[in-house]
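Single-structure report; data block below.
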Amino acid sequence: MTAQCQAPPAKSVAERLGYPANSRLLVIHADDFGMSHSVNRAIIAALEQHWVTSASILVPCPWFSEVAYWAKANPDADLGVHLALNSEWTTLRWGPVSPQPKNSSLLDSDGYLPLTTEYVASHAKISDVETETRAQVDKAKAAGINLTHLDTHMGAIVSTPDLFNAYLALGRAYKLPLLLDNRAEAAAPGSVLLSQLLQMNRGTPKSQWLDAYKKMLAPLPPGSYQLIVHLAFNDDEMQGATYDHPDWGAEWRQSDLDLVRSADFQKFLKDQGFILITWKDLAKALPAR
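Going by my numbering, the sequence shown opens with residue 6, and the numbers climb by one from there.
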């Protein structure tokens with residue numbers, strides 16, 4: 006009896022990018038670019054100083070134009086669209102990019118996107134979602150931004166199976182990689198580029214910020230990871246916008262900014278052997294389309 010030929014094991018993302026199989030690849034990714042001037046100042050500094058390797062843009066937000074102006078002057082910046090179906094801050098609200106009708110499932114009584122992801126999950130019509138998400142990507146592209154990926158604001162567009170399928174279809178339509186971790190492999194075979202998504206846990210004291218990130222990152226096995234950070238200055242603008250949100254609020258974002266720019270954190274990443282990459286790099290690991 007002849008032995009059956011077995012297919013060789015699939016190469017890891019690291020191997021597909023030319024790194025050893027035991028590598029730990031890390032995207033340090035700043036969310037919410039465009040939310041406010043304070044956020045923009047922090048993310049621009051982090052991108053220019055290479056404290057982060059990538060960022061994604063909230064296209065419906067008030068300070069999108071500042072992002073577009075900077076992105077045109079920095080065409081190699083690694084930028085995606087942070088697809089937003091909700092507007093979560095009590096005093097800083099934004100509406101849709103697309104001309105949604107008055108009875109749209111994506112509008113609250115004041116004409117803004119809904120406050121919560123739970124509302125989106127229970128009310129959103131896929132036709133409204135498709136119109137709005139395409140409008141967000143199209144607006145970023147029309148502004149001259151070189152997009153490298155798409156991801157999700159607060160997970161709203163992956164909160165139900167139908168919304169998740171709309172997300173997958175959007176990635177296919179624009180031929181852009183999507184933020185997905187290995188839990189999505191069955192639904193999107195070949196499209197998953199990350200082993201795990203990581204971010205700070207709620208309730209972490211400011212004094213333990215650095216240690217918490219070290220404990221999060223140090224034990225990771227070989228793989229490809231995204232560390233999501235939220236950057237801003239703890240100034241009047243951010244305090245006003247996030248006054249009733251201690252999580253991901255002004256102090257949180259200042260702590261994340263202090264973290265990524267700290268020599269201690271940068272030394273930790275180097276000592277741990279993390280290889281810092283971008284979404285532009287990750288896209289090279291996708292199968293040919």
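From the three backbone atoms N, C-alpha and C, an ideal C-beta is built for every residue, glycine too.
**OP:** Round the Cβ separation of Q204 and L232 to the nearest angstrom and send it over; I've been treating them as touching at under 8 Å.
**Re:** In this structure Q204 touches L232 by the C-beta definition: roughly 7 Å separates them, less than 8 Å.
Original post:
How would you label R207, buried or exposed, when you count the other beta carbons within 10 angstroms and need 16 or more for buried?
Top reply: exposed
Subject >> Residue(s) in a DSSP beta bridge with T157 >> reply: L88
Original post:
Is the CB-CB distance between R98 and Y117 below 7 Å?
Top reply: It is a contact, given that the beta carbons lie within the stated cut-off.
**OP:** Pair every Cβ in the segment 30-43 with every Cβ in the segment 221-241, then say whether three or more of these pairs are closer than 8 Å.
**Re:** Yes: the two stretches touch, three or more of their Cβ pairs being nearer than 8 Å.
Original post:
Near A145, which residues of its chain fall below 7 Å by C-beta distance, leaving aside the five closest residues on each side in sequence?
Top reply: I62, V64, V86 and L152
Subject >> Nearest-angstrom beta carbon gap, W68 and G100 [assumed within contact, 8 Å] >> reply: Actually they are not in contact, since the Cβ atoms of G100 and W68 sit about 15 Å apart, beyond 8 Å.
Subject >> F238 versus D249: straight-line alpha-carbon distance, rounded >> reply: Taking the straight line from one Cα to the other gives about 17 Å.
**OP:** Measure the alpha-carbon distance for P194 versus H42 and round it to whole angstroms.
**Re:** 38 Å
Original post:
If we count the other Cβ atoms within 10 Å of its Cβ and call it buried at 16 or more, is N45 buried or exposed?
Top reply: By the Cβ neighbour-count rule, N45 is buried, with 16 or more other Cβ atoms within 10 Å of its own.
Subject >> T7 in three-state terms, based on DSSP >> reply: Confidence at T7 is low in this model, with a pLDDT of 47, below 50, so its placement is unreliable and no value can be given for it.
Original post:
Are there 16 or more other CB atoms within 10 angstroms of the CB of A73, so buried, or fewer, so exposed?
Top reply: buried
Subject >> In DSSP terms, what L183 is bridged to >> reply: L155
**OP:** Taking H34 as part of the alpha helix (DSSP H), name the residues at either end of that continuous run.
**Re:** Not the alpha helix (DSSP H): H34 falls in the beta strand (DSSP E), residues R29 to F38.
Original post:
In or out: D216 buried (at least 16 other Cβ within 10 Å) or exposed?
Top reply: exposed
**OP:** Note down the Cα distance separating D241 from L88, rounded to an integer number of angstroms.
**Re:** 27 Å
Original post:
Rounded to whole angstroms, how far is the Cβ of A19 from the Cβ of P227, which I believe are closer than 8 Å?
Top reply: At roughly 7 Å, the Cβ-Cβ gap stays under 8 Å, so A19 and P227 are in contact.
Original post:
What did DSSP end up calling I162 once you bin it into helix, strand or coil?
Top reply: helix
Original post:
By the 10 Å Cβ neighbour count, where 16 or more other Cβ atoms means buried, how is P182 classified, buried or exposed?
Top reply: By the neighbour-count definition (other C-beta atoms within 10 Å, threshold 16), P182 is a buried residue.
**OP:** Have a look at A189, P210, K211 and N79 and flag the residue whose alpha-carbon is nearest the alpha-carbon of L202.
**Re:** A189
Original post:
Can you check whether the CB of K285 is closer than 7 Å to the CB of D83?
Top reply: Yes, these two residues count as a Cβ contact at 7 Å.
Original post:
Based on the DSSP output, what are the partners of A60 in its beta bridges?
Top reply: A35 and L84
Subject >> Y172 - DSSP class collapsed to helix/strand/coil >> reply: Reduced to three states, the DSSP call for Y172 is helix.
Original post:
Can you list, in chain order, the stretches of the alpha helix (DSSP H) that have 4 or more residues and sit fully within the segment 97-148?
Top reply: 122-128 and 131-147
**OP:** Sort I150, L175 and D143 by Cα distance to S132 and report the nearest one.
**Re:** L175
**OP:** Express the C-alpha separation of E137 and P119 in angstroms, rounding to a whole number.
**Re:** 13 Å
**OP:** Measure from the alpha carbon of Q105 to the alpha carbon of each residue in L90, W94, T95 and T96, then state which is nearest.
**Re:** L90
**OP:** Answer yes or no: do V265 and W75 have a C-beta to C-beta separation smaller than 7 Å?
**Re:** no
**OP:** Please check the pair L262 and A47, which I expect to be a contact at CB under 8 Å, by giving their CB distance rounded to whole angstroms.
**Re:** 5 Å
Original post:
Cα-Cα, which of S114, D81 and Q277 is closest to S92?
Top reply: S114
Original post:
On the three-state DSSP scale, how would you describe Q201?
Top reply: strand
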